[in-house]
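Asks:
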Amino acid sequence: MVENDTENSILEAHFAAARRVDADLPAGLAARMLADADRVQATWQEVGREARADGAGLWQQFLALLGGWPAMGGLATACAAGVWLGIAPPDFLPDPVGMVVAEQSSSVDLLDSYSLSSLMPEDG
Amino acid sequence: MTARCASVHRATTDPVTRAGIISGPRGARGSHAAPPGDEDAELSDDALVTLFANGDERAARVLTARLGPKAFSVALRVLGNRAEAEDAAQEAMLRLWRMAPEWRPGEAQVSTWLYRVVMNLCLDRKRRGQRAGAVPLDAVADPPDPGQSAPERMQDGARADALQAALMTLPERQRQAVVLRHIEELSNPEIAGIMEISVEAVESLTARGKRSLAAALAGRKEELGYSDG
Chain A
2 MVENDTENSI
12 LEAHFAAARR
22 VDADLPAGLA
32 ARMLADADRV
42 QATWQEVGRE
52 ARADGAGLWQ
62 QFLALLGGWP
72 AMGGLATACA
82 AGVWLGIAPP
92 DFLPDPVGMV
102 VAEQSSSVDL
112 LDSYSLSSLM
122 PEDG
Chain B
888 MTARCASVHR
898 ATTDPVTRAG
908 IISGPRGARG
918 SHAAPPGDED
928 AELSDDALVT
938 LFANGDERAA
948 RVLTARLGPK
958 AFSVALRVLG
968 NRAEAEDAAQ
978 EAMLRLWRMA
988 PEWRPGEAQV
998 STWLYRVVMN
1008 LCLDRKRRGQ
1018 RAGAVPLDAV
1028 ADPPDPGQSA
1038 PERMQDGARA
1048 DALQAALMTL
1058 PERQRQAVVL
1068 RHIEELSNPE
1078 IAGIMEISVE
1088 AVESLTARGK
1098 RSLAAALAGR
1108 KEELGYSDG
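Just so you know, the sequences run in chain order A and B.
Residues 2 to 125 (the working numbering) make up the first sequence, in order.
Residues 888 to 1116 (the working numbering) make up the second sequence, in order.
(1) Along chain A, which residues have their Cβ under 7 Å away from the Cβ of W990/B?
(2) Whose C-beta lies closer than 6 Å to the C-beta of G917/B among residues of the same chain, with five residues either side of it excluded?
(3) Determine whether the Cβ of P956/B lies closer than 8 Å to any Cβ atom of chain A.
(4) Is N941/B helix, strand or coil when you go by DSSP?
(5) Count the other CB atoms, across all protein chains shown, that sit within 10 Å of the CB of F16/A; report buried if there are 16 or more and exposed otherwise.
(6) Taking Q1063/B as part of the alpha helix (DSSP H), name the residues at either end of that continuous run.
(7) Determine the chain A residues that contact G993/B at a beta-carbon separation under 7 Å, and present them in chain order.
(8) Below 8 Å, can you find three or more Cβ-Cβ pairs linking the stretch 27-38 of chain A to the stretch 1093-1100 of chain B?
(9) Tell me whether N5/A sits in a helix, a strand or coil according to DSSP, three-state version.
(10) Roughly how many angstroms separate the alpha carbons of E1072/B and V1065/B, rounded to a whole number?
(11) Is there a Cβ of chain B sitting closer than 8 Å to that of F16/A, yes or no?
(12) If I follow the unbroken alpha helix (DSSP H) through N1007/B, where does it start and stop?
(13) So, does the CB of L1100/B fall closer than 8 Å to a CB anywhere in chain A?
(14) For a quick check, are the C-beta atoms of L12/A and K957/B less than 8 Å apart?
(15) Which one of R1014/B, L950/B and E1083/B has the shortest CA to CA distance from A32/A?
(16) Distance check for R1060/B and Q1042/B, CA to CA, integer angstroms please.
(17) Using the beta-carbon count (16 or more within 10 Å), is P91/A buried or exposed?
(18) Could you compute how far the alpha carbon of F939/B sits from the alpha carbon of S1085/B?
(19) Residues of chain A with a CB under 7 Å from the CB of R1046/B: which are they?
(20) Report the start-end ranges of each beta strand (DSSP E) in the stretch 1066-1107 of chain B that is 3 residues or longer and not cut off at the edges.
(21) Against chain A, does G942/B count as a neighbour if the rule is that its beta carbon must be under 8 Å from one of theirs?
(22) Report the CB separation of L1008/B from L983/B in whole angstroms; it is logged as a contact under 8 Å.
(23) Assign I88/A to one of two classes, buried (16 or more other C-beta atoms within 10 Å of its C-beta) or exposed (fewer than that).
(24) Nearest chain D C-beta to L1050/B closer than 8 Å, yes or no?
(25) So, with DSSP's three-state summary, where would you put L30/A?
(26) What whole-angstrom Cβ distance do D943/B and V997/B have, given they're in contact under 8 Å?
(27) When you compare the CB positions of R948/B and Q1051/B, do they come within less than 8 Å of one another, or not?
(28) On the premise that F959/B lies in contact with E973/B, defined as a C-beta separation below 8 Å, what is that separation, rounded to the nearest angstrom?
(29) What residues of chain A sit near L981/B, judged by a beta carbon separation below 7 Å?
Structural data, given as structure tokens:
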């Protein structure tokens, strides 16, 4: 028991000596650690700048939202096809242009064969 | 590591408030890094990591002063080689800098995470056998402690060197456990978390390690100044 206590105290003296000897960080190592920290932070700032430069404006964000230029091409084609179908529809579809023109040119003659002069009372 | 760094969360409000933890330095040792101010020294490791992730340069200085010596000390004792220990400690701190944006305050202790990284780096180095050409520990002058007399410094140096020689005879995991328990003075549960083993396994490793160290040092009592008892 006494021998164990002695061994433990001797070991503890060794550990304490090691703690005292190891206490300081070498100056060069501290500088290298801080230089690494600066580099890592600079990398984040660079990435942030690139991200801002890439997303130049609302148009770029809108385009990205739609799916980029391929999606934009498909959307333009669909719009053009719709416009063309409106102007020159195939035979099995009603002609919207003709319908509009017909509605505008049709008129109803409420008096039909009556003559205004016959409806007007004659004096005397 | 991955379990504690699951998502990116750059702070959008005051990062110190969000991190929510103010504490005193835990076992901070002296350092050659630029001395932090009193306010910075009161911040928890969690808060400092968050501040660093938000671009605060002072946080790097405080973290280096606080955690750098721990990383270096433990690497030095486990690797037994000053040059390799410096490399391992620098690499561990670099991983801390890179991981900072993904750190989740409150989930784990930064120091525990760092110790684990250092231990894994030491194991990797041992496996790769990269010790060729490195300067041995006892060939490098230890930094002098201004509070000690020359004979005391010499005795400390001799005892630390003898301990290191004995440590290097231990199996890797025993050495790690003994260094963390008796030089870094961590608790058994902390060591269990770092080494990812049970507390009982830590106790077993440290007990066996101490017995082996005592046997290795038994023949050098007089030489190391223990002749009085």
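Quick reminder that beta carbons are idealized off the backbone N, C-alpha and C, glycines included.
Replies: Walking through what the data contain:
(1) Start at 1 with the first residue of the second sequence, and residue 990/B comes out as number 103. Those do not exist, as W990/B stays about 13 Å from chain A at its closest Cβ, beyond 7 Å.
(2) Along the second sequence, one-based indexing puts residue 917/B at 30. Caution is warranted here: a pLDDT of 40 is assigned to G917/B, below 50, making its placement in the model unreliable, and the coordinate value is therefore given only provisionally. So no residue of the chain qualifies.
(3) Here residue 956/B is taken as the residue at index 69 of the second sequence, counted from 1. Interface criterion met: the Cβ of P956/B is under 8 Å from a Cβ in chain A.
(4) For the purposes of this step, residue 941/B is taken as residue 54 along the second sequence, with counting starting at 1. Three-state result, N941/B: coil.
(5) Residue 16/A sits at position 15 when you count from the first residue of the first sequence. When all chains shown are included, F16/A counts as buried.
(6) Position 176 of the second sequence, counted from the first residue, corresponds to residue 1063/B. Its alpha helix (DSSP H) spans residues E1059 to V1065.
(7) Taking the second sequence and counting its residues from 1, the one referred to as residue 993/B is at position 106. Those do not exist, as G993/B stays about 23 Å from chain A at its closest Cβ, beyond 7 Å.
(8) Taking a contact to require three or more Cβ pairs closer than 8 Å, the stretch 27-38 of chain A and the stretch 1093-1100 of chain B do not qualify as touching.
(9) Translated into the one-based positions of the first sequence, residue 5/A becomes position 4. Helix.
(10) Position 185 of the second sequence, counted from the start, is the residue given in the question as residue 1072/B. Position 178 of the second sequence, counted from the start, is the residue given in the question as residue 1065/B. When the Cα atoms are used, E1072/B and V1065/B turn out to be separated by approximately 9 Å.
(11) Walking along the first sequence from the start, residue 16/A turns up at place 15. Using a Cβ-Cβ cut-off of 8 Å, F16/A counts as an interface residue toward chain B, since at least one Cβ of chain B sits closer than that to its own.
(12) Stepping through the second sequence from its first residue, residue 1007/B is reached at position 120. Its alpha helix (DSSP H) spans residues V997 to R1015.
(13) On the second sequence, position 213 is the one that residue 1100/B refers to. Cβ-Cβ to chain A under 8 Å: yes for L1100/B.
(14) If you number the first sequence from 1, residue 12/A lands on position 11. If you number the second sequence from 1, residue 957/B lands on position 70. Contact: no.
(15) Your numbering for residue 32/A matches position 31 in the first sequence. With distances taken between Cα atoms, A32/A lies closest to L950/B.
(16) Working through the second sequence from its first residue, we reach residue 1042/B at position 155. Working through the second sequence from its first residue, we reach residue 1060/B at position 173. The alpha-carbon atoms of Q1042/B and R1060/B are separated by roughly 28 Å.
(17) Counting from one through the first sequence, the residue named residue 91/A turns up at place 90. Exposed is the call here.
(18) In the second sequence, the residue the question calls residue 939/B occupies position 52. In the second sequence, the residue the question calls residue 1085/B occupies position 198. So the alpha carbons of these two residues sit roughly 33 Å apart.
(19) Numbered from 1 along the second sequence, position 159 holds the residue referred to as residue 1046/B. Simply A14, H15 and A18.
(20) Here no run is fully enclosed.
(21) Taking the second sequence and counting its residues from 1, the one referred to as residue 942/B is at position 55. Answer yes: the Cβ-Cβ gap between G942/B and chain A drops below 8 Å somewhere.
(22) As a working mapping, residue 1008/B is identified with position 121 in the second sequence. As a working mapping, residue 983/B is identified with position 96 in the second sequence. Not really, about 12 Å apart at Cβ, beyond 8 Å.
(23) Counted from its first residue, the first sequence places residue 88/A at position 87. Around the beta-carbon of I88/A, fewer than 16 other beta-carbon atoms lie within 10 Å, marking it exposed.
(24) In the structure shown, chain D does not exist; the protein chains are A and B.
(25) Start at 1 with the first residue of the first sequence, and residue 30/A comes out as number 29. Correct three-state label for L30/A: helix.
(26) Reading the second sequence from its first residue, position 56 is the one you call residue 943/B. Reading the second sequence from its first residue, position 110 is the one you call residue 997/B. Taking a contact as a CB-CB distance under 8 Å, the pair D943/B and V997/B does not count as one, their CB atoms being some 15 Å apart.
(27) As a first step, residue 948/B is located in the second sequence; it is residue number 61 there, counting from the start. As a first step, residue 1051/B is located in the second sequence; it is residue number 164 there, counting from the start. Taking 8 Å as the Cβ cut-off, R948/B and Q1051/B do not qualify as a contacting pair.
(28) Looking up residue 973/B in the second sequence gives position 86. Looking up residue 959/B in the second sequence gives position 72. Contact flag correct, Cβ pair sits at about 7 Å.
(29) By one-based count along the second sequence, residue 981/B stands at place 94. Within chain A, D37 have C-beta atoms less than 7 Å from the C-beta of L981/B, given in sequence order.
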